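Numbering (the UniProt record's numbering), first residue to last: 1 to 1176.
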C-alpha cells in the first residue's frame, strides 16, 4: 500500500461549521446517518482538498458556496479548511515528500476568494498537490472517488471520457503533463524563432541602407568644405557694398519726413468737420425710424380688418350648407322609425309560440325524473355489496403475501446468524496482545515535546504582533509613496503635454527649415520673454498676432543679408538696448503696456514700441463710449481680444497655432515648481518605505526560523501521538473485541431459536388463509353478475331523460332569443326618436347663427385706416428725401477726407522704405562684419583681388554646392558607427537562431518519445484491465462476461466502450441494462483498475443503493478482499454493507444546518453492550 488516510479535519466547509476530526484507523470505514445530515459533504471535502476547481462538481454555483453560509442560529463564517493526514511510514510517497512518515495536505479558502494549499504546513501550488497523486487514481477527477450518480456517469460516459479513467489507472497522466509542458515550450521556441527571423530580415534591410548612407556621408563632408570657403568670400563682398548704400538712404529719409507732417495737419481739420455732419445724420435717421413705427401699426390694423371680413363671409357659407344637411338627415331618420316598428310586431308573435313549447317539455321531463331515483338506489346497493366483498378478498391476499415474505426473511436471518457465529469464533482465536512498556515510554516523550512547542508558540506570537505593526507601517509608507508618485506622474504628463503644444505652435515646416538653414532655430521667441496678467492672454495675441512668435536678433541689419526671404509671415526684433518709447499721455485711458511684464530691458523696449497706441477696456460697449478720447491711430483692446478704433471694430478669433501660447507658458512654469517639490517628497517617501521593508524582512526571517523549528517539533509530536494511539487502540480493541464476541455468540443462539419458532407459526396461518380465500371468490362472482344487470337498466333510463332535457333547453333558448331581439328593436326605436329631436334643435340653432352675421361696421373702419396709411406714407417720403440730401453731403466730405488720407500712406511707406533700406544697409554691414568676426580678412582679400570675383558669381557657386548637397538628401553623419553596430548585432542573432533551431529539434524528439512510452504503457494497461474485468464481472454477477473495446486504431486518441452481458442476456448495448446491473458493471470496471494500480483509498457514496441483498453481499465480499491493498471509505444506508465496516462514523444534524461527527468503533460498541448485559 502506498499511502493510508489516517485523519480528516474539516472546519467551516459546508455544514461542518465547527472543527470536526475524523480518525480512520481501519481499512474499511463506514459513514452513516439520516438523509440530509451532510454525509456527502465529506466526499465533497475530500474532492475539494485534492484540487477540484469546478463549483458544479461540488454542488454549488461558485467556489465560495463551500464556505458555511449560516443557519437560523449561526452566523456565516469567512473561512473554510479541509486537511487530510496520510500515513507514509513505508516511505512510498513520490518526490520530495517520501522522507516524511506522515504527510498533511491542507486547503484553505477565504470568502474574498483567496485560496491556498499546504503540504506539511508549507505553502505550495495546486499543481504540487495534484502531482503527489498523479497515476494513483486519486485527484479532483479520478476514478477512486465514486459519489452519488457517478456510477451511471462512468458506465454511460462517452468513449473519450472513459479513456481518461484508463489513462489515470495506467499513470499516463504524468506523461500527458510532460507532453503538454513540452508543447508549450515548442510554442515558445517557435515564437522566439519567428521574432529572431523578423529581426534578422529587418537588420539585413537596415545594413544595406546604412552602407549607402555611409558613402553619402563622405561625399557630404567634401562638398561642405568647399561651400564654407565660398561663403566667406561672399560675406566679405557684401560687407563692402552695404557700407556705401547706408549713407545714400539716410539723406532720402529726412526729406520724406518733412512732407508727411504737413499732410497730417490738413487731415485732422477735415475730420472735425466730418464728425459734426455725422451727428446731424444720426438725428434725421432716428426721426425716420419713429415715423416707420407708426406706419407699421396702421398696416397691422388694416390687415386685421380684412381678415375679419373674410371670416364673416366664410361663416355665412358654412351655416347655409349645414341647414340643408340637417333637413336631409331628419327625413332619413323618420323613414327608419317605420321599419323598426314593423319588425317589432313580428318578433312578439314568435315569443308567444315559444312559451307554449317550453311548458309542454317541462311536463315530460318532470315525469321521467320521478322514475329515476328508484333505479339508482337498486344499482347502488348491488355495487356496495360487491365492493365490500372485494375488500375482504384483498385483505386476505395481503395477509397471505405478508406471511410468505416473513417466512423468506426468517430463513435468510437464520442463515446470516449461522454465518455470523462462525466468523466470530474465528476472529476470537486471532486477537493480538498489548505492549504496555512501549506505551509508557511514548507518553513520556510526548509530554517533553508539548513543553518545547509551547515555548516556541509564545515566541512566535510576540514576533507576529511585531510583524503586524511593521506591515501596517509598510503599507502606509507604500500608499503615501504611490500617491506622491501618481501626483508626480500627473504633473510630468501635464508638463509634457504643454511642452508638446508649445512645440506644435511652430507648425510651419517650411519656416522651420528656413530658420535651420539660417542658423536661427535656437534663438529665443518673444513669448518666452514676456508675462501677461491673467485674463489678458487673448488680448496680447490679438494685438501682436504673429509677433507673439517673433524671433530675437542681435541686430536687425542681419536680416538684410539673408539669401532668401522667409516662406511665411514672420517677425524679428532687435535684442540691443534702446531708449523706451514714450506712451502718449491721455487722462482716463489705461495703457495696455501696464499688463505686460518683460524679463529683460531689450524686450521691454520692443513691447513699449508695439503697445504704445493700445489701451485697455473691459468690454466693447465701454470701448465704444470712450472711442472719441482715443488719439489718432490708437486702439482699445478687450480681454477677449476685440480691437476698437475711432471708426472701426476688429473682432478677434483665436489663431490655432499661437492661441494659448502665453497661458501655457505660465502653466509650465508653475508645473516645474510643483514637479521639483514632488520629486523631493517622493525621494523622502522612498527612503522611509525602504526602511519599513527592511524591518518587515528581518521580522519575517525570524518568524520563518521559529516556524521551521515548530514544524519539526510538530512533526515529531504527531509521530509520537500516532504511536500512542496505535498502541492504545490495539489494546482496547483486543479486550473489547473479546467481550463483544462472547456476547454476540450468546445473542445469536437466542435469535436463531426464536426465528425457527416464528417460522412454524406462520406456516400454519398460511394454510388457513388459502381455504378462506377459495370460498370468498365463489360468492364474489355471483354478486358481480347481478350488479352488471342493474347498471344496464339504469343507463337506458338516464339516456331517455337526457334527450328530454335537451329538447327543453332548445325551447328555452328560443324564448331567450325572441326577448333579446324585441329589446334591441325597442332600444333602436328610442334612439332614432332622440336623433330626430336633436337634428331639429340643431336646425333652429344654425338658422339663428346665420341671422346674427353683420360685417358693415368692419367695412367702415377699414376705409378710415386706408386713408390714414396714405397720409403716413406721404410724410415718410418727405423725410427720406431730406435724409438722402444729408447723406450726399456726408459722403462728399468723407471723399475729401479719404483723398487727404490716401496721400499719407505713400509718404509713410516711403519713409518706412527709406528707413528700412537705411537699416537694411546698416544691418547688412553689421551682419557681414559679425559673420566675418574671428576670421582673418587679410587672407581673403588677395583671393578677391586675384580672381576679380563678383557677388553673383559667388552666389551661383553657393547655389551649385547647395544643390549638390541637397541632392544628397538627408545625410546620416553617424552612419558608419551605426553600420558597425548593426553588423555586430546580426552576428549575435545568427548564433541565437541556430541555438533555437537545435532546441526545436530536441523538443520534437521528446514529444515522439513521450508518445511512444504513453502508447506502450496505455496498451499494456488496457490488456490488464480487460483481463481483470473478465475475472471480476462473473464474481459480481454470478456469471456472464464483460470486456473493453477500442473505438479506433490509435489508442492515444481512440475512445473506449464497455461491452457487458449478464448471465442469460445477449443485449446489444450497455444502455439496455437495469440500474442495478449498470452499477455492478461500473464497480467491476473500477475494481479492475484498482487491481492494476491500487489507489491509497477509495470513496464509495451509496453505490449499493440500486443493489438487492444478494448483489450487496457479493460486493461486500469483493471489498473485503481488496481492502488488503486499498483503504475503503463508504457511505451507505444498507445494513448488510454497514456490517462490513471495521469502524462507523456517524453524521448527525441535531442543530438544523450544522453537521456533527460521532465516531463509533464496532468492537468498542459490542464490548459495552456485553458489559451491560452481564451487569443486568
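Backbone N, C-alpha and C define an ideal beta-carbon position, used for all residues, glycine too. The structure presented is a predicted model; accordingly, all values stated were derived computationally and were not measured.
Rounded separation between residue i and residue j - CA only
| i | j | result |
| --- | --- | --- |
| residue 860 | residue 875 | 24 Å |
| residue 924 | residue 916 | 11 Å |
| residue 581 | residue 613 | A caution first: residue 581 carries a pLDDT of 48, below 50, which makes its placement in the model too unreliable to give a value. |
| residue 444 | residue 98 | 28 Å |
| residue 213 | residue 975 | 6 Å |
| residue 1073 | residue 1109 | 19 Å |
| residue 721 | residue 446 | 7 Å |
| residue 845 | residue 311 | 19 Å |
| residue 252 | residue 914 | 7 Å |
| residue 801 | residue 775 | 41 Å |
| residue 984 | residue 79 | 59 Å |
| residue 108 | residue 1126 | 27 Å |
| residue 1087 | residue 1029 | 8 Å |
Same chain, Cβ closer than 6 Å to residue i, five either side skipped, listed in chain order
| i | result |
| --- | --- |
| residue 326 | 839, 842 and 843 |
| residue 245 | 921 |
| residue 835 | 333 |
| residue 11 | 19 and 81 |
| residue 316 | 853 |
Unbroken beta strand (DSSP E) run spanning residue i, endpoints
| i | result |
| --- | --- |
| residue 648 | Taken as a continuous stretch (DSSP letters only), residue 648 belongs to no beta strand (DSSP E), as it is neither H nor E. |
| residue 116 | 115-119 |
| residue 635 | 635-637 |
| residue 605 | That residue, residue 605, is in no beta strand (DSSP E); its alpha helix (DSSP H) goes 601-610. |
| residue 574 | 572-574 |
| residue 22 | 20-23 |
Range covered by the alpha helix (DSSP H) that runs through residue i
| i | result |
| --- | --- |
| residue 865 | 856-931 |
| residue 102 | From DSSP, residue 102 is part of no alpha helix (DSSP H) but of the beta strand (DSSP E) over 102-110. |
| residue 630 | Unbroken run through residue 630: none, as it is neither H nor E. |
| residue 955 | 951-967 |
| residue 1086 | 1075-1092 |
| residue 63 | Here residue 63 belongs to no alpha helix (DSSP H), and DSSP marks it neither H nor E. |
| residue 129 | 126-132 |
Buried/exposed call for residue i, threshold 16 Cβ in 10 Å
| i | result |
| --- | --- |
| residue 183 | exposed |
| residue 1078 | buried |
| residue 607 | buried |
| residue 1089 | buried |
| residue 430 | exposed |
| residue 1096 | buried |
| residue 813 | exposed |
Local conformation of residue i per DSSP, three classes
| i | result |
| --- | --- |
| residue 10 | strand |
| residue 759 | helix |
| residue 591 | strand |
| residue 83 | strand |
| residue 1043 | strand |
| residue 1151 | strand |
| residue 4 | strand |
| residue 1101 | strand |
| residue 935 | coil |
| residue 1144 | strand |
| residue 165 | helix |
| residue 987 | helix |
| residue 1051 | coil |
Beta-carbon contacts of residue i that lie in its chain and below 8 Å, excluding the five residues immediately before and after
| i | result |
| --- | --- |
| residue 996 | 189, 192, 193 and 196 |
| residue 783 | 382, 385, 386 and 389 |
| residue 217 | 971, 972, 973, 975 and 976 |
Nonlocal neighbours in the same chain, by C-beta distance under 7 Å from residue i, ignoring five residues either side
| i | result |
| --- | --- |
| residue 1038 | 1063 |
| residue 598 | 529, 530, 604 and 607 |
| residue 943 | 233 |
| residue 452 | 713 |
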